[in-house]
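Taking it in order: structure first as structure tokens, then the write-up.
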């Protein structure tokens, strides 16, 4: 069957079970848009190509399937660079298709020409410039394989206009037809190393499981829960791993890092064994590397061998898929005599906001392979820290200020426990991660490594497309919202009823916090104004319901109203206290030992 390259591309996407893609047409990609009319794939027309990329990211994060975005050449392609870089940092599977000028024009500075494969070489797992139509099915198959295997990530396919218009004989490649020399992701762990890791687990007195985003990418949440409960080892979950281990579980210590809980940060510092699972020792977690967990031995499991020993040298470094390696670890613990009996499991309960979630489990909960007398002092110490240094804020009863933490708590308590939360980047992101309760995996969508402002609105739209059965809230800042709010036009036009909570403090909040704390309150270029733009008017002009809240007494009612609207997007402009800062905090470049707590807790003993 003879078809055009454009038809082959769309047919190849259908063969990969693509159900939806996000994009915006233009000259070079125009031939590819014609067969979309006859395709089963739903195309969502965005208002900016950056929005297409972030929507694809949100879709991928909540479904586990690769997100697909499409753009034209030149500025269309370069507008997708930020989402590609974001997905590369956070290991999100994306397939981005860009149009290119005809092959005869490449290198001539033709209209809307850009070397997008060269531009994105460092921020994609791999990219392809297709020069022959007959290569299209094979390249598409390779692209999806690379994006979804090993460490997931973004890939890009650049297709010149004349290649899309030429014809080829349709075929679909077999796995043996893929041309990927040297690409052989490791999945199973080395058995000797796995057993060595298991022995370290059983010998530790102050162990901590350091769970990263790789737990979610490898579908390892259930395996992680079993490992923690069988060993009694407490768990910290990084920003990218929120939800991989239930916040309400007594073994959960919360988030580590620059704005992590005091207990999570300090537990890692004082540990004698860190079990790093799918985490990369990011600088926001380690603080000053030389002083990070200085007395701890390290087990590091990661599917990407390049991450092993990159930042912190591991005593046991295991390359492999997190889920498979954890399962292998559990088998090794079986061989070492760790029992499966019910009395080895901790009893879930408590919450990160109202109780010390890492408190010692009741009698009988400590695994026999880890003698109670060995871990009991450690668990008791963690419980003391949690009681002494909880997350705190003060919402004035007179309504004189609306605290952002109060808004997050009200949102959390008024929504289903499996609500999907997307965030932008800044103070609101940290408040959301701290004060929401994540008990389910794939319910937290955010930009971690790249820290991309403007991520929340399009990512929430993509998440809602991927999981239309779930309630989706975006927690955004006024600065972030102004970067990509136009995608709410997309949401209205496509009937995607996302809900947006703007924590509007009239500032670039995190920058303001740093300027106040480290730049002698010299507030340079951070004031945004609470009234410009008029967020309610803007929301309504985009087909959304707009609500403004200034009084804490009105927060619950506004959220209830938003929750009842399911035929269009909703935007709530919460006028929050501009002076509020995020605590705890580890200053950039400082040791985690120097963690700053809320001023109201400063006089408490840290022993």
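Residue numbers (my numbering): 2 to 608.
The C-beta atom is built at its ideal place from N, Cα and C for all residues, glycine as well.
With 16 other Cβ atoms within 10 Å as the buried cut-off, status of residue 246: buried
Exposed unless 16 or more other CB atoms sit within 10 angstroms - verdict on residue 540: buried
Three-state class that DSSP yields for residue 3 in the structure shown: strand
Continuous alpha helix (DSSP H) stretch holding residue 129: start and end: That residue, residue 129, is in no alpha helix (DSSP H); its beta strand (DSSP E) goes 127-130.
Residue 456 vs residue 448 beta-carbon contact at 8 Å: yes
Selection from 559, 506, 466, 475 that minimises the alpha carbon distance to residue 22: 466
For residue 327, three-class secondary structure by DSSP: helix
Sequence ranges, beta strand (DSSP E) only - wholly within the stretch 247-281, length at least 3: 253-255, 274-278
Residue 79 versus residue 117: straight-line alpha-carbon distance, rounded: Approximately 7 Å, taken between the alpha carbons.
Inter-residue Cα distance where the pair is residue 519 and residue 9: 56 Å
Helix, strand or coil at residue 487 [DSSP, three-state]: coil
Contact check, residue 164 vs residue 104, beta carbons under 8 Å: yes
Inter-residue spacing [alpha-carbon to alpha-carbon] between residue 338 and residue 300: 20 Å
7 Å CB neighbourhood of residue 426 in its chain, flanking five on each side removed: Once the five neighbours on either side are set aside, the close Cβ partners of residue 426 are 448, 452, 453, 454, 456, 481.
Cβ-based neighbour list, residue 591, same chain, cut-off 7 Å, excluding 5 preceding and 5 following: 288, 289
Proximity test, Cβ basis, 8 Å: residue 251 and chain D: No chain D appears in the structure shown, which is made up of a single protein chain.
Touching by the beta-carbon criterion (3+ pairs, under 8 Å), the stretch 566-583 and the stretch 264-280: no
Option nearest residue 63 by Cα separation, candidates 432, 39, 473, 526: 473
Through-space distance from residue 185 to residue 606, alpha-carbon basis: 51 Å
Integer-rounded CB distance, given that residue 573 should sit under 8 Å from residue 596: Contact doesn't hold; Cβ gap of about 33 Å is too wide.
For residue 554, the nearest candidate out of 544, 575, 535 (CA to CA): 575
Three-way DSSP call (helix, strand, coil) for residue 598 in this model: coil
Whole beta strand (DSSP E) elements within the stretch 423-510, 3-residue minimum: Within the stretch 423-510, the runs of beta strand (DSSP E) at least 3 residues long that lie entirely inside it are, in chain order, 473-478, 500-505.
Residue 60 in three-state terms, based on DSSP: When secondary structure is reduced to three states using DSSP, residue 60 falls in the helix class.
Same chain only: Cβ atoms within 6 Å of residue 390, ignoring 5 sequence neighbours per side: Excluding sequence neighbours, residue 390 sits near 263, 598, 602.
Cα-Cα separation between residue 528 and residue 484, rounded to whole angstroms: 15 Å
Residue 380, DSSP secondary structure in three states: helix
The beta strand (DSSP E) enclosing residue 170, as first and last residue numbers: 168-170
CA nearest to the CA of residue 511, picked from 501, 525, 151: 525
Beta-carbon proximity check, residue 383 vs residue 274, cutoff 8 Å: no
Cross-strand partners of residue 101 (DSSP beta bridge): 161
Buried or exposed (CB count within 10 angstroms, at least 16 for buried), residue 314: exposed
Rounded Cβ spacing between residue 544 and residue 493 (contact assumed at less than 8 Å): Correct: roughly 3 Å between the Cβ atoms.
Buried/exposed call for residue 593, threshold 16 Cβ in 10 Å: buried
Three-way DSSP call (helix, strand, coil) for residue 588 in this model: coil
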